[in-house]
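> The numbering of the sequence shown is the working numbering, which starts it at 117 and goes up by one. Just passing along the structure, written as C-alpha cells.
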Amino acid sequence: MRVYFSGAISGGRDNLPIYQHIVERLLQAGHEVPSAHVADPAVLSRESGVSPHEVYQRDVGWIEECDAMVAEVSTPSLGVGYEVAYALNIGRPVLCLYKSGLLVSKMITGNPALTLTVAMYSNVDELDAYLDSFAATVAQGWHG
C-alpha cells in the first residue's frame with residue numbers, strides 16, 4: 117500500500133522523533149511512503165532549493181497516487197492542514213494522530229468525514245496500534 121505521511125516542517129520540528137517512528141513503522145510493515153523525507157532531520161536544508169510550486173506539484177501528486185494518508189497533527193501546520201483537506205476532498209482515507217493533552221484544531225477533531233479517523237495517543241504502543249488498525253482497514257477496502 118502507498119501511504120502519504122504528513123507532519124510539520126516549517127511549523128516546527130519538535131515531533132521529529134515521532135515522525136521518524138511513524139515512517140519507520142509504515143516502511144517495516146511493507147508500505148511505500150513517498151513523503152518519508154518529512155522524517156529526515158535535514159529536510160529543511162534538503163528542500164531549500166525546491167521551489168514552492170515544485171513542492172506543491174510533487175506533494176499533491178503523491179497524495180493523488182497514494183491509497184491513504186497518515187498525518188501527525190500535534191504541531192499546528194498550515195501545510196499539514198491543507199494536505200489533510202486535499203486528501204479528504206479526493207476521497208482518500210486519512211488518519212490524524214496527535215499527542216494526548218494537546219489542543220488540536222477543531223477543524224480536524226470536529227470533521228465528520230467518513231474517511232477521517234482522528235486518534236489521540238499517549239505512548240508509542242498506542243500510536244502503533246492506531247497505525248496498524250488503520251492500515252489493515254484501508255487494505256481490506258475502505259468504504260467510508
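Just so you know, even glycine gets a beta-carbon here, dropped at the ideal spot from N, CA and C. This structure is a prediction, so every number in the text was calculated from the model and none was measured.
Under the DSSP definition of a beta bridge, which residues are partnered with Thr233?
Leu211
> Residues bridged to Tyr120 by DSSP?
Met185
> If we ignore side chains and look at the alpha-carbon of each, how far apart do Ile138 and Tyr202 end up?
21 angstroms
> Would you call the CB atoms of Cys212 and Ala229 closer than 7 angstroms?
no
> Going by beta carbon distance, what residues of the same chain come within less than 7 angstroms of Tyr246, once the five residues before and after it are set aside?
Leu211, Leu213, Ala235, Tyr237
> Once DSSP output is grouped into helix, strand and coil, what is the label at Glu148?
strand
> Drop a sphere of 10 angstroms on the beta-carbon of Glu170, count the other beta-carbons inside from all chains shown, and report buried for 16 or more, exposed for fewer.
exposed
> Any idea if Met223 is buried or exposed, counting beta-carbon neighbours within 10 angstroms, 16 or more meaning buried?
exposed
> Nearest-angstrom Cα distance between Arg118 and Ala255?
10 angstroms
> Measuring CA to CA, which of Leu142, Ser122, Ser164, Phe250 is closest to Val176?
Ser122
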